[in-house]
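Quick mapping for you: the protein sequence lines, in order, are chains A and B. Quick note, the first sequence lines up with residues 1 to 113 if you use the working numbering. Quick note, the second sequence lines up with residues 1 to 112 if you use the working numbering. In this text, a Cβ means the ideal position worked out from N, Cα and C, and glycines have one as well. To start, the structure under review is shown below, and the notes come after it.
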Amino acid sequence: GQNIDQPTEMTATEGAIVQINCTYQTSGFNGLFWYQQHAGEAPTFLSYNVLDGLEEKGRFSSFLSRSKGYSYLLLKELQMKDSASYLCAVRASRADSWGKLQFGAGTQVVVTP
Amino acid sequence: DGGITQSPKYLFRKEGQNVTLSCEQNLNHDAMYWYRQDPGQGLRLIYYSQIVNDFQKGDIAEGYSVSREKKESFPLTVTSAQKNPTAFYLCASRWQGNEKLFFGSGTQLSVL
């Protein structure tokens, strides 16, 4: 079976840094995605990692270690608008459609003033 | 503006009734997907279609049906065989050759 774990909730102060961890055990691996979802809204794409290492995009960075089955999303200089659920998703098979993903339950990040 | 439109935003189903959720995109994307989101669980794939007139079952297809007669449209029917239909349904699309999914704003389906 597929198993993708991430913490349920994290709270941080405006301006701080938060790291959201994601561990996965899947039948295969061909890429890991992070999406942001505000309550009742559409998830939006944040990042994609297929090779080990850190990818930086402005205030957001994503890291992948395939040997450890581990990824994290780093949010820097937190803003109130960053309060949202962050979804970790894995594409398990290279034969799968790119949109056929296994999702974790999401991490709700609460930013406080 | 290009995007994915899901309608209605809220939908109520009576016992034994089939209901259809609409998903339309004007992004000229080839592939379209339906995911179901339940509280405390990850999104789960119901059906997907990579080209017109073709679709495949996802992980939880039982009790659902789809059609893909036009590139722009991928409606999902929740049949009476789906015994636990209450959930938030998300439609997504993707351009072939790109890994990024674009999601609609979802339909909340509840049972009366």
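- Item | residue 110 of chain B versus residue 58 of chain B: straight-line alpha-carbon distance, rounded | 22 Å
- Item | Assumed close pair residue 92 of chain B, residue 10 of chain B - CB separation to whole angstroms, cut-off 8 Å | With 8 Å as the limit, residue 92 of chain B and residue 10 of chain B do not qualify as a contact, their Cβ atoms being about 20 Å apart.
- Task: Report the neighbours of residue 99 of chain B on chain A: residues whose CB is nearer than 7 Å to its CB, in chain order.
- Result: 31, 48, 98
- Item | Residues near residue 63 of chain B by beta carbon distance below 6 Å, same chain, minus five either side | 79, 81, 82
- Query: Quick one: what's got a C-beta closer than 8 Å to residue 54 of chain B's C-beta in the same chain, skipping five residues either side?
  - Reply: 68
- When the Cα atoms are used, what is the spatial distance from residue 95 of chain A to residue 64 of chain A? 21 Å
- Item | Test item: CB-CB of residue 71 of chain A and residue 109 of chain A under 9 Å | no
- Name the two residues that bound the continuous beta strand (DSSP E) containing residue 55 of chain B. 54-57
- Beta bridge counterpart(s) of residue 84 of chain A as assigned by DSSP: A/109
- Which word fits residue 41 of chain B, buried or exposed, when buried means at least 16 other C-beta atoms lie within 10 angstroms of its C-beta? exposed
- Message: Any beta carbon from chain A within less than 9 Å of residue 12 of chain B's own beta carbon?
- Response: no
- Message: Would you say residue 73 of chain A lies against chain B (beta-carbon separation less than 9 Å)?
- Response: no
- Query: Which residues mark the beginning and the end of the beta strand (DSSP E) in which residue 18 of chain B is found?
  - Reply: Here residue 18 of chain B belongs to no beta strand (DSSP E), and DSSP marks it neither H nor E.
- Item | Buried versus exposed call for residue 31 of chain B [16 or more other C-beta atoms within 10 Å across all chains shown] | buried
- Might you give, ordered along the chain, the residues of its own chain that have their beta carbon closer than 8 Å to the beta carbon of residue 48 of chain B, omitting 5 neighbours on each side? 31, 32, 33, 34, 55, 56, 58
- What is the DSSP secondary structure of residue 30 of chain B, reduced to helix, strand or coil? coil
- Message: For residue 96 of chain B and residue 79 of chain A, what's the separation of their Cα atoms in angstroms?
- Response: 34 Å
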